[in-house]
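Reviewing the structure listed below.
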Amino acid sequence: MSTPQTVSLREKLLKSGKLSLYLDYYPPVFIAESGKTTRREFLSIYIYRDPANPTQREYNRLCLAKAENIRSERELQLINRRFNFADKENEKKDFLAYFESLIRDREDAGISTAGWTGAYKYLKLYTHGKCKFGQVNERFCEGFKEFLVRTRSIKSEAVRLAPNSRSSYFNKFKAALNEAYYDKYFVENPAKRVKGFPMTDTFREYLTLEELKALNNTDCDPPVLKRAAIFSALTGLRWSDIIKLRWQEIYKSEADGYYIRFIQQKTKGSQTLHISDQAFQLLGKEKKSKKRIFKGLKYSAYMNLKLARWVLSAGITKKITFHCFRHTYATLQLSLGTDIYTVSKLLGHRNVKTTEIYTKVMDRQKIEAANRIKL
């Protein structure tokens, strides 16, 4: 009978007088990266040996709570492995192939895969084209993050990846790990404690009300693209939610009019969104409940070209992507007096801080307005 595995939280006194917290494994555990067994895992968490005031005592309390949380997780991992709760065969499976399958799923759903494809290319470079699930751990995630910082762009070796590009690619990588975790390829998400890159501020293009009206009065080939785009501008729905929208998700209330109940493709959160009569008219003639409303709409370079031609034929020279119609909805709502909390709920944001990016657009409008009167 094997000895039960224990994980204990211990302290080591440093020359500085502080205590370094570490985990003590018994029996020792095997570390795949080093090929050795060890009993100690230092957590890089330090506490005061003799806290002198309430602030230091509170600091010690928080650090000990964090260390205990890590200890519990490590113990659970060992239990899962011992009792085979996680399939050990998964460790031998190809993570790159799994990543590719996620891209194909999005292509089949008509969702843009540009960011995912970019993330896959750099992940393939980082792993030299070979990567098993068993290799993907927290250290691997940190290593890929560092790789994105120092690597050169695939498009031009003269420059490094732009900050927002590496942020986007790393977020797609973390999203893939999250899906793999829910698919039970991991006992614990290896990127759980790995922070992503902060996004730098960028200007979000949008249409004015006059430009939106001009587009509405301009023909588009194919017509379904126009219907979907104007629908997005009137509801704030993302492309990924519009292309999968079905009649069974459309409701009508005698008191409140039309509304949609759906699961957001991006956040997986449920949302109830009230829509205007004009937006409802864009849905067309009602069909069977499981039928897609915007049938024929699919993300492709061809569809992007049709969008650009439609925008240009309306006399608009801005670089407009489909997502700009969601930006347009948010910006127009704020400019017309809707409070930011309500706009946040309409967009399905979990945090109002996400919606605050549109207030920067409003600030730019104010600056432009201030400079319009000239003597």
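The numbers in the working numbering rise by one with no breaks, and the one at position 300 of the sequence shown is 294.
Beta carbons: idealized from backbone N, C-alpha and C, even for Gly.
This one's a predicted model, so the numbers in the text were calculated from it and none came from an experiment.
Of all C-beta pairs linking the region 255 to 270 to the region 176 to 185, fewer than three are shorter than 8 Å, placing the two stretches out of contact.
The region 261 to 338 contains, as complete beta strand (DSSP E) runs of 3+ residues, the segments 264 to 268 (chain order). For E5, the enclosing beta strand (DSSP E) covers residues T0 to L7.
Rounded to whole angstroms, the Cβ separation of L239 and R286 is 7 Å, and the two are in contact under 8 Å.
Its chain contains G342 and R344 as the residues whose beta carbon lies nearer than 8 Å to that of T261, once the 5 sequence neighbours on both sides are disregarded; these appear in chain order. If the five residues before and after L276 are omitted, its C-beta is found closer than 7 Å to the C-beta atoms of R221, I224 and F225, all from its own chain and listed in chain order.
Note that the C-beta distance between V346 and L291 is not below 8 Å. Assignment of K126 by DSSP, reduced to helix, strand and coil, places it in the strand class. Around the C-beta of A249, fewer than 16 other C-beta atoms lie within 10 Å, and the residue is accordingly described as exposed. Under the three-state reduction of DSSP, Y42 is assigned to strand.
Distance check between Y296 and each of E204, N210, D215 and V23 places D215 closest, using alpha-carbon atoms only. Annotated three-state conformation of V181 is coil, per DSSP. In the three-state reduction of the DSSP assignment, T31 falls in the strand class, which pools E and B. Under the criterion of beta carbons closer than 8 Å, V337 and L330 do not qualify as touching, at roughly 10 Å.
Cβ-Cβ distances below 7 Å link Y200 to C318, H321, T322, T325 and V355 in the same chain, with the five nearest sequence neighbours on each side left out; the list follows chain order. Segment contact: the region 148 to 158 against the region 97 to 111, fewer than three CB-CB distances shorter than 8 Å; contact not assigned.
Within the same chain, no residue comes within 6 Å of H122 by CB-CB distance, once the 5 residues on both sides are set aside.
Considering only G251, S10 and G190, the residue with the shortest C-alpha distance to E140 is G190.
Sorting E69, N131 and D44 by C-alpha distance to the C-alpha of F167 places N131 at the top. Separation of L96 and A170 (C-alpha to C-alpha, rounded to the nearest whole angstrom) is 7 Å.
For a cut-off of 8 Å, the C-beta gap from V1 to Y16 is around 11 Å, too long to register as a contact. In the three-state DSSP reduction, F167 falls in the helix class (H, G or I). Distance check between I257 and each of Q242, A308, K246 and P48 places Q242 closest, using alpha-carbon atoms only.
Burial check for A174: the Cβ neighbour count within 10 Å reaches 16 or more, so the residue is buried.
Nearest Cα to G11 within the set R34, L37, V23 and R43: R43. Annotation for L119: no residue places its beta carbon closer than 6 Å to its own, counting only its chain and skipping 5 residues before and after.
Distances from the CA of E94 to each of K312, R68 and K124 were compared; the closest alpha carbon is that of K124.
Under DSSP, Y19 shares a beta bridge with V1.
Nearest Cα to F180 within the set Q129, S162, Y352 and A156: Q129. If you ignore the 5 residues before and after Y40, its C-beta comes within less than 6 Å of the C-beta of K12 and S14, all in its own chain and listed in chain order.
Where R344 is concerned, there is no enclosing beta strand (DSSP E), because DSSP gives it neither an H nor an E. Cα atoms of R146 and F288: separation of roughly 40 Å, rounded to the nearest angstrom. Annotated three-state conformation of I148 is coil, per DSSP. Counting only runs of 4 or more residues that sit fully inside the region 190 to 250, the alpha helix (DSSP H) segments are 203 to 210, 217 to 229 and 233 to 236, in chain order.
In the DSSP assignment, K87 falls outside any alpha helix (DSSP H), carrying neither H nor E.
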